[in-house]
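J.: Protein chains in written order, with the UniProt record's numbering: chain A, 1 to 635; chain B, 1 to 162. Using N, Cα and C, we set each Cβ at its ideal position, and we do this for glycine too.
#1: If you follow the beta strand (DSSP E) that residue 82 of chain A is in, where does it begin and where does it stop?
#2: Would you kindly work out how many angstroms separate the C-alpha atoms of residue 114 of chain B and residue 326 of chain A, rounded to a whole number?
#3: Decide if residue 45 of chain B is buried, meaning its Cβ has at least 16 other Cβ atoms within 10 Å, or exposed.
#4: Out of curiosity, what's the CA-to-CA distance linking residue 292 of chain A and residue 118 of chain B?
#5: Can you tell me where the beta strand (DSSP E) holding residue 493 of chain A begins and where it ends?
#6: For residue 127 of chain B, return the contacting residues in chain A, with the cut-off set at a CB-CB distance below 9 Å.
#7: Look at the alpha carbon of residue 323 of chain A and the alpha carbon of residue 109 of chain B, and state the distance between them as a whole number of angstroms.
#8: Taking residue 366 of chain A as the reference, which of A/266, A/433, A/166 has the closest Cα?
#9: By the criterion of Cβ-Cβ separation under 7 Å, what are the contact partners of residue 358 of chain A in chain B?
#10: Since residue 347 of chain A is in the beta strand (DSSP E), which residue starts that stretch and which ends it?
#11: Verify whether the separation of the beta carbon atoms of residue 60 of chain B and residue 37 of chain B is less than 8 Å.
#12: Residues in its own chain within less than 8 Å of residue 4 of chain B by CB, not counting five upstream and five downstream?
#13: Tell me which residues share the same chain as residue 19 of chain B and place their Cβ nearer than 7 Å to its Cβ, disregarding the 5 neighbours each side in the sequence.
#14: So what does DSSP say about residue 439 of chain A, is it helix, strand or coil?
#15: Please list the segments of the beta strand (DSSP E) lying wholly inside the region 273 to 333 of chain A, counting only runs of 3 or more residues, in order along the chain.
#16: My output table needs one value for residue 616 of chain A: the three-state DSSP class, helix, strand or coil.
#17: Does residue 393 of chain A come out as helix, strand or coil in the three-state DSSP assignment?
#18: Can you tell me whether residue 619 of chain A is buried or exposed, with buried defined as 16 or more other CB within 10 angstroms of its CB?
#19: Taking the alpha carbon of residue 222 of chain A as the point to measure from, which residue in A/563, A/596, A/362 has its own alpha carbon closest?
#20: Expressed to the nearest angstrom, what Euclidean distance is found between the alpha-carbon atoms of residue 334 of chain A and residue 87 of chain A?
#21: Going by other Cβ atoms of all chains shown within 10 Å of its Cβ, with 16 needed for buried, is residue 632 of chain A buried or exposed?
#22: What does DSSP give as the partner residue(s) for residue 551 of chain A in the beta ladder?
#23: Once DSSP output is grouped into helix, strand and coil, what is the label at residue 505 of chain A?
#24: Beta strand (DSSP E) containing residue 580 of chain A: first to last residue?
#25: Going along the chain, which residues of its own chain have a beta-carbon closer than 6 Å to the beta-carbon of residue 73 of chain B, five neighbours each way excluded?
#26: Just to confirm my understanding: we take residue 302 of chain A, look at its own chain, exclude 5 residues before and 5 after, and list those with CB closer than 8 Å. What are they?
#27: Would you say residue 325 of chain A faces chain C, with C-beta separation under 8 Å as the test?
#28: Does residue 226 of chain A get closer than 8 Å to chain B when you measure Cβ to Cβ?
#29: Do the region 124 to 135 of chain B and the region 339 to 346 of chain A touch if we need at least three Cβ pairs shorter than 8 Å?
#30: Going by alpha carbons, who is nearest to residue 328 of chain A out of A/317, A/273, A/295, A/592?
#31: Can you find a CB in chain A that lies within less than 8 Å of the CB of residue 37 of chain B?
#32: Could you check whether the region 455 to 469 of chain A touches the region 496 to 510 of chain A, counting it as contact only if at least three pairs of C-beta atoms, one from each stretch, sit closer than 8 Å?
#33: Report the option in A/538, A/533, A/386 whose CA atom is closest to the CA atom of residue 552 of chain A.
#34: Going by DSSP, what residues sit across from residue 603 of chain A in a beta bridge?
#35: Closer than 7 Å, Cβ to Cβ, to anything on chain B: give me those residues from the region 308 to 334 of chain A, in chain order.
#36: From this set, A/216, A/248, A/534, which residue's C-alpha is nearest residue 268 of chain A's C-alpha?
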């Protein structure tokens, strides 16, 4: 509180006291004057607390605390479109910037969709949009038919649709119909629901995952500001109206004001130990973390609040990594909680401690070191089989080829040539026709497979509450590659990421463990999206320099056009490409639907270009997706 | 981590507010109205997780206590009411702060009970001493009140300067 306000409050109280000394002579405290006095006093009584009220509720500095229970948030596909839509509006006859950008984005998606599904050139598609002949829905046609700048007088928004959102939803519906599917969207929230949403308390924002501060700080909480109002009102009022009860109420105020002066001495001395059980978990396994914090100082700590430094890559599934407790000198407290292990290396950070004194007027903010490292083995799920494309190398293996030669399965017969092995002469035919001929069998050969896992920033997006596409991709790769190795193929691994990761194809025995190790701990497949941009053209050049010929298993959610372009370039350079695409879209918000539409157009484009695609839905097991795709390819 | 206020402190805050409101119904209509308003503010603060609403509620409780005392209520219920007001404010804020810092899921029960007991004891102790003094000393009120006033102002000024 400012000294000025404090003086005002003291002044008013003193004036009231003075009035009290003189009061009984001029004011008769019996009714109705007594009632008038009640109201006069209330006016002052409300006035004084109000001087304090702005300070009453506030604790001076609120520390930003880590939220270790939750994993660091990842992008949801379509969230940018949704936030544009939330901001999009027509204000005073002018189109907002957000609406212009949203409109531009939808136009791009519409052109892509019409080019892919309507077999048009981009110029023709744009022409269709402008002539409004691409759909029968007048709202959608008018919305995309306008230029972004003059949407303010777009008929779609003025006449046909109730608001911008409706126009956008109907446009997306029409685009989905243009791809030959039936649109489905979530019903708009009614007015009652929107009101309720507004009243609901806000969810706390994740304040950040790094455990600050680096050094211990101490701050005043200003917690008891306002209790002096009780003292002042009691004193002044008690004197003014001659009521002993009010003067005694003041005593309570003074007592608390004195309590607020009692402070904790010095910085708390704490130590922490942490144990993790089991120490080497497999991904997906639940593990118990036990943290013990001990008061090493000689003074008791009346109020200790602990937040354990759970790595941002792990999720707490049971219990809480927080605890509030008093700690006597030499006393300790133990808390336990459960986290679910994820692939890779995870580092637990120090424990964040907020320690207050008994009256909670001073808060020490410090960290107690307790580093623990955890390495998770990859999930021990059964290997999954991927049927490869027919291709040829010189080594014998399990892949049936189109070439005839040594093998088991009958392929063809041809005229006998000098030097053909006796075992392959068709003796029955010789007996029948007196002609020498040789049987050729379908040759089975090994091939080289390189898995390319997309771990660029867009691949880290996840549907709400789901797993990031990149994680699913890495897990699927870890299951597919052992099966390929077992069939005798040479298997390699490349990360499509700003951090280069390259394991040359090999069929040797140690390849399996090396692949497993790389997939679980190599920084290219880290748990957090990379900060740098990954230039796919440069990446492709270096890939080509390293890999003369191989089948490519490209694992990517195809969230951006670059991923689809890369798949087509690989195909164009003669690498037989199979795309395994974990779906990371899936929300039914307008943004989620746009993201889904774009991804489907990319899949459709790739299939049309002859690239094999496995569309792996968010809820499907990998086997189901592979089986469905294999049926599709063999048709 | 939901950030919802902790249960024990919220219960203490609401219980104290309710007790004060019940007491105030026998004092004066203005007192019971102010106490109701204060209870509503404390409850709304707990629901909205707003740290300033319990403070506003406390302001209303002060008004209720003042109105009660002026209306000629006996000393004891007013003193009990003032303790309830401070406890409701203190526990309400603690519940919200602990909710934000540790969440309802974390174990903080011992801490909450510890603080509530300390706050209650401080209030009971200071009110008890003053009450005892006023009963045992046969000094006329205005002089006693002025003395107390000076003492309080001095104590507060000391508190501000240190």
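T.: Answer, in terms of the structure:
#1: Unbroken run through residue 82 of chain A is the alpha helix (DSSP H), 79 to 87; no beta strand (DSSP E).
#2: Residue 114 of chain B and residue 326 of chain A have their C-alpha atoms roughly 8 Å apart.
#3: buried
#4: 26 Å
#5: 490 to 496
#6: 248, 249, 251, 252, 255
#7: Approximately 9 Å, taken between the alpha carbons.
#8: A/266
#9: 118
#10: 344 to 356
#11: Yes; because the gap between Cβ atoms is below 8 Å, this pair is in contact.
#12: 49, 99, 103, 104
#13: 84
#14: strand
#15: 286 to 295, 301 to 309, 315 to 318, 322 to 327
#16: strand
#17: Bear in mind that a pLDDT of 42 at residue 393 of chain A, under 50, signals an unreliable position, so the number given afterwards is only what the model happens to contain. Coil at residue 393 of chain A, not helix or strand.
#18: Exposed, because fewer than 16 other Cβ atoms sit within 10 Å of the Cβ of residue 619 of chain A.
#19: When the alpha-carbon of residue 222 of chain A is set against those of A/563, A/596, A/362, the nearest one is in A/362.
#20: 47 Å
#21: exposed
#22: A/449
#23: strand
#24: Counting along the chain, the beta strand (DSSP E) containing residue 580 of chain A begins and ends at 577 to 582.
#25: 27
#26: Within the same chain, 264, 326, 356, 357, 358 come within 8 Å of residue 302 of chain A by CB-CB distance, once the 5 residues on both sides are set aside.
#27: Among the protein chains in the structure shown, which are A and B, there is no chain C.
#28: By this cut-off, residue 226 of chain A is an interface position.
#29: no
#30: Taking the Cα of residue 328 of chain A as reference, the smallest distance to any Cα among A/317, A/273, A/295, A/592 is reached at A/295.
#31: no
#32: yes
#33: A/386
#34: Answer is none; residue 603 of chain A lacks a bridge partner.
#35: 320, 322, 323, 324, 325, 326
#36: A/216
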